[in-house]
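Top to bottom, those sequences are chains A and B. Counting in this note's numbering, the first sequence runs from 2 upward without gaps. Counting in this note's numbering, the second sequence runs from 2 upward without gaps. One structure is given here, and the rest of the page talks about it.
Number of protein chains: 2
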Amino acid sequence: MEKKIITISREFGSGGRTIGHQVAEALGIPFYDKELVDQVALESGFAPKFVEEHGEHSPTGSIFSYAFAHQGVHGIMNGLSTADFLWNIQCSVILQLAEQGPCVIVGRNADYILKDRPDVLHAFIHANKEFRAERIVRLYGESEKTPMARLNEKDKRRKVNYQHYTGRSWGQAHNYDICLDSSKIGIEACTDILVKLMKGE
Amino acid sequence: MEKKIITISREFGSGGRTIGHQVAEALGIPFYDKELVDQVALESGFAPKFVEEHGEHSPTGSIFSYAFAHQGVHGIMNGLSTADFLWNIQCSVILQLAEQGPCVIVGRNADYILKDRPDVLHAFIHANKEFRAERIVRLYGESEKTPMARLNEKDKRRKVNYQHYTGRSWGQAHNYDICLDSSKIGIEACTDILVKLMKGE
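Listed below in structure tokens is the structure:
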């Protein structure tokens, strides 16, 4: 089962981004994460920071969605909320990237956006909360909120956003070809499994 | 991450049983599927066929549950419904098997029953309905019902039974260390991945 593209959906702090990066390096193919945000920012006219934050908001998650929508930012939103406007651009950018050739795409509901391409492997990385809490403090530093509060907030946002735009439930095994618990299997072993699957080994 | 025991939860027709059998052969360890049903039958006094059918019923799935309960079959059910009585024996049998040493256990909510043992790898095998429908007709033959109706009925039973006895949602990636779509990855490749994980390779 050789595949060209791999989408990696992940829980915050699970190491999905790191695994995606390692898979891209091992296969010698492009890795899209922040790069994808930058491309959406470029095409939408919004700042990357705004796109990054907003891409994980539920469509009703922020009153700014509607404030912007009413003002018709850039005059091209056609009555769409900011979230819907960004979603449309995100779909378009991901479909274009997939057309360009082999790559690793992390997050951004790419599993759903590329569900009809037979050359894509869809992976989901999850982990227990203790593992994720330790990682986010180590990688992103402390914040005012407790690590558990940060995890719960991110989980809730991704879940609502995913359900709204895909009509699927977040975290369901059926949405993916392979789901791995990085806290049990280990980040390096997850990378190895995905690289082998991509190579058809 | 070397493990001693592997539980394989599976959708009907996904090939989970076949994968479990291959993993057991590759590792040279016992394989429990029908054997487990027989043991529960022996300890409960019910016929294996009855145990097999009933083990997948929801506790409210059959009026016979209560008919039997009121009659106090074998005089040891202590007011439990048949389903609850069998569940208790099933838990006890699975915990005993795990104590005896390395093994592969297919189905029977063993993932939940053994969730507190750190030496167990929990796998879930799922597949798309076309793949499963083709397999059940090929392996189990035609029946009065359409393959899709048979799949839907089994899926519903397992889901309700699992949710009732474990308090978890069926098919959630979080319940398992690894979930594989056998229709995408292939049955042989699923076996290879699980054997390597069990060996800690």
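The beta carbon of each residue, even a glycine, is placed where N, CA and C say it ideally should be.
Contact with chain A by residue i, beta-carbon distance below 9 Å
| i | result |
| --- | --- |
| Ile179 of chain B | yes |
| Ile1 of chain B | There is simply no residue 1 of chain B to check, as chain B begins at 2 and stops at 202 in what is shown. |
| Val24 of chain B | no |
| Ala134 of chain B | no |
| Glu27 of chain B | First, the residue type needs correcting, since residue 27 of chain B is Ala and not Glu in the sequence shown. No, its Cβ sits nowhere closer than 9 Å to a Cβ of chain A. |
| Asp39 of chain B | no |
| Asp182 of chain B | yes |
is_contact[residue i, chain B] using C-beta, thresh 9 Å
| i | result |
| --- | --- |
| Gln173 of chain A | yes |
| Arg169 of chain A | no |
| Leu198 of chain A | yes |
| His127 of chain A | yes |
| Ala190 of chain A | yes |
| Ile194 of chain A | yes |
| Leu122 of chain A | yes |
| Gly73 of chain A | With a pLDDT of only 42 at Gly73 of chain A, under the threshold of 50, the placement of this residue in the model should not be trusted; the figure read from the coordinates follows. Not closer than 9 Å to any Cβ of chain B, the Cβ of Gly73 of chain A fails to qualify, so no. |
Cβ-based neighbour list, residue i, same chain, cut-off 8 Å, excluding 5 preceding and 5 following
| i | result |
| --- | --- |
| Ile186 of chain A | Ile194 |
| Phe51 of chain B | Ala42 |
| Lys130 of chain B | Met149, Leu152 |
| Val94 of chain B | Leu37, Gln40, Val41, Glu44 |
| Lys116 of chain A | His123 |
| His75 of chain A | With a pLDDT of 49 at His75 of chain A, under the threshold of 50, the modelled position of that residue is not reliable, and no figure is offered here. |
Contact set for residue i: own chain, Cβ-Cβ below 7 Å, skip 5 residues either direction
| i | result |
| --- | --- |
| Ala174 of chain A | Cys180 |
| Asn110 of chain A | Tyr163, Tyr166, Thr167 |
Supposed close pair residue i, residue j - CB separation, criterion 8 Å
| i | j | result |
| --- | --- | --- |
| Gly172 of chain B | His127 of chain B | 7 Å |
| Asp34 of chain B | Arg18 of chain B | 6 Å |
| Ile114 of chain B | Leu96 of chain B | 7 Å |
Same chain, Cβ closer than 6 Å to residue i, neighbours up to 5 away in sequence not counted
| i | result |
| --- | --- |
| Phe132 of chain A | Ser184 |
| Arg136 of chain A | Gly14 |
| Val107 of chain A | Ile9, Arg18, Gly21, Asp34 |
| Gly102 of chain A | none |
Any residues in the segment 78-103 of chain B with a beta carbon nearer than 7 Å to a beta carbon of chain A? Which ones, in chain order? Answer set for the segment 78-103 of chain B: empty.
Which complete beta strand (DSSP E) runs does the segment 75-160 of chain B hold, if anything under 3 residues is left out? Listed in chain order, the complete beta strand (DSSP E) runs (minimum 3 residues) inside the segment 75-160 of chain B are 104-107, 121-127.
For the segment 106-117 of chain B, list every residue whose C-beta sits within 7 Å of some C-beta in chain E, in sequence order. The structure shown contains no chain E; its protein chains are A and B.
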